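Quick note on numbering: the sequence shown equals residues 0 to 276 in numbering that gives the first Met the number 0.
Glycine residues also receive a C-beta, built at the ideal position from the N, C-alpha and C atoms.
Small disclaimer: the values here were computed from a predicted structure and weren't measured.
Report on the following structure.
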Amino acid sequence: MPPRLARGRVASGAALEGAVLAALAYLALELVGLWHLGDLSFARWLAPAALLGAVLGALGGRMGRRVLWGLAGGAVALVLLVTATPMMAPLARGLVRRDLAANAPLPPDVDAVVVLSGGQLGNGLVIKQGLDRLLDGLRLAGAAGKPVVVTVIHPRGRPDASSLPDQRALATLAGVATLFSVDSVHSTHDEALGVARLVARQRWRRVALVTSPLHSRRACATFEHAGVRVVCTPAQPRDMVLDGPDALPGGEERAHAFGDWLYERIGAWTYRARGWI
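Right, here's the structure in full:
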């Protein structure tokens with residue numbers, strides 16, 4: 000075989016190996032939710048990751064192969080650690096702040112129930128995470144006869160679409176007559192500032208703050224830093240079990256919890272750095 004052809008085959012094999020290893024690392028990290036921290040969606044970035052791996056495998060020599068094998072091996076090890084061990088249950092519970100026992104009535108000085116948005120679809124319908132929050136918030140408000148405050152985050156690229164009609168319709172179904180909204184927010188910090196202004200106008204003493212469990216500690220701290228007195232009441236999630244002997248029993252729930260946990264840890268560090276908590 001001519002030397003040039005032999006070198007070409009070796010380079011092609013190294014490129015294929017690099018592409019496979021990079022794709023494996025990407026898929027493994029996707030499984031534990033790492034790419035949900037930014038705009039690194041599966042469909043958009045899998046092919047570029049494989050291409051980058053191919054280039055590194057073909058041109059990076061022995062060091063490039065070591066890097067690729069290290070990335071792939073580390074990603075797979077992380078997936079196994081997260082999904083095959085019970086480590087996520089205590090880590091996840093450490094982010095939950097609950098000021099009110101389950102099924103306990105609201106304290107008498109709570110004047111409203113604030114439900115944080117979890118986002119919405121392009122047609123304005125509330126997504127599942129937001130629906131969990133809203134259902135529990137409406138239950139609390141209905142039982143105590145309190146008004147509800149919802150926050151509205153418009154879909155990316157669709158400023159005309161709003162979840163407010165869907166939120167109002169669900170509140171009507173639940174029998175909650177009074178609903179306030181804080182519109183056009185983009186972060187928990189925006190929600191806290193908008194609700195703080197509403198609380199001041201209404202002269203409310205304290206609010207029950209309803210959000211997802213792993214988001215509760217950062218969210219309540221952000222609202223308190225903005226001057227809002229809160230009773231932290233995390234919603235019951237319908238995609239994972241966090242309490243009791245059945246907490247995070249399967250790999251899929253553990254992987255989901257890890258993604259949320261990592262997002263919240265990074266969010267807390269960012270908010271501290273910006274002086275928001």
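Margin query: When you compare the stretch 194-213 with the stretch 49-60, are there three or more beta-carbon pairs, one atom per stretch, that lie closer than 8 Å?
Written below: no
Next item on the list: Write down the C-beta distance between Ala83 and Leu137 rounded to the nearest angstrom, noting that I regard them as a contact closer than 8 Å.
Entry: Going by Cβ atoms, the distance from Ala83 to Leu137 rounds to 38 Å, so no, they are not a contact pair.
Check: Cα separation between Ala256 and Asp159?
Finding: 32 Å
Next item on the list: Enumerate in chain order the residues of its own chain whose CB-to-CB distance from Leu51 is below 7 Å, with the five nearest sequence positions on each side excluded.
Entry: Ala21
Check: Just reading off the beta strand (DSSP E) that Arg205 is part of, what are its end residues?
Finding: Start and end: 205-209.
Margin query: With a threshold of 9 Å between beta-carbons, can Leu134 be considered close to chain C, or not?
Written below: This model lacks chain C altogether; it includes just one protein chain.
Check: DSSP three-state call for Ala91: helix, strand or coil?
Finding: Looking at Ala91 - three-state DSSP - the assignment turns out to be helix.
Check: When the Cα of Gly12 is compared with those of Leu213, Gly243, Val54, which residue comes out closest?
Finding: Val54
Notebook entry, point to check: For Val230 versus Val109, is the C-beta distance shorter than 9 Å?
Noted result: yes
Next item on the list: Taking all protein chains shown into account, decide if Ala48 is buried (16 or more other Cβ within 10 angstroms of its Cβ) or exposed.
Entry: buried
Margin query: Bridge partners for Leu337 per DSSP, in chain order?
Written below: This structure gives no information on residue 337, because the portion of the chain shown stretches from 0 to 276.
Notebook entry, point to check: Should Pro2 go down as buried or exposed, given a rule of 16 or more other Cβ atoms within 10 Å for buried?
Noted result: Note that Pro2 has pLDDT 48, beneath the 50 cutoff, so the model's placement of it is unreliable and the number below is only indicative. Answer is exposed; the Cβ neighbour count stays below 16.
Notebook entry, point to check: Asp189 lies in the alpha helix (DSSP H); which residues open and close that run?
Noted result: 187-201
Next item on the list: Using three-state DSSP, classify Gln119 as helix, strand or coil.
Entry: strand
Notebook entry, point to check: Are Ala280 and Arg228 close, meaning C-beta to C-beta below 9 Å?
Noted result: Residue 280 lies beyond the residue range present for the chain, which begins at 0 and ends at 276; the question has no answer from this structure.
Next item on the list: Report the option in Pro146, Gln235, Val31 whose CA atom is closest to the CA atom of Ala101.
Entry: Gln235
Checklist line | Helix, strand or coil at Val114 according to DSSP, with G and I counted as helix | finding: strand
Notebook entry, point to check: Below 8 Å, can you find three or more Cβ-Cβ pairs linking the stretch 141-155 to the stretch 170-184?
Noted result: yes
Notebook entry, point to check: Alpha carbon to alpha carbon, how far is Val66 from Ala225?
Noted result: 45 Å
Next item on the list: Answer yes or no: do Ile276 and Thr232 have a C-beta to C-beta separation smaller than 9 Å?
Entry: No; because the gap between Cβ atoms is not below 9 Å, this pair is not in contact.
Next item on the list: Helix, strand or coil for Val66, going by three-state DSSP, please let me know.
Entry: helix
Check: Which term fits Lys127, buried or exposed, when burial requires 16 or more other beta carbons within 10 angstroms of its beta carbon?
Finding: exposed
Next item on the list: On a CA-only basis, which of Thr269, Arg273, Leu192, Arg97 is nearest Val209? Give me that one, please.
Entry: Arg97
Next item on the list: Could you say which of Gly141, Gly93, Ser161 lies nearest to Gly121 if we only look at CA atoms?
Entry: Ser161
Notebook entry, point to check: Considering only residues of the same chain and omitting the five flanking positions on each side of Lys145, which have a CB-CB separation below 6 Å?
Noted result: Ala111, Val112
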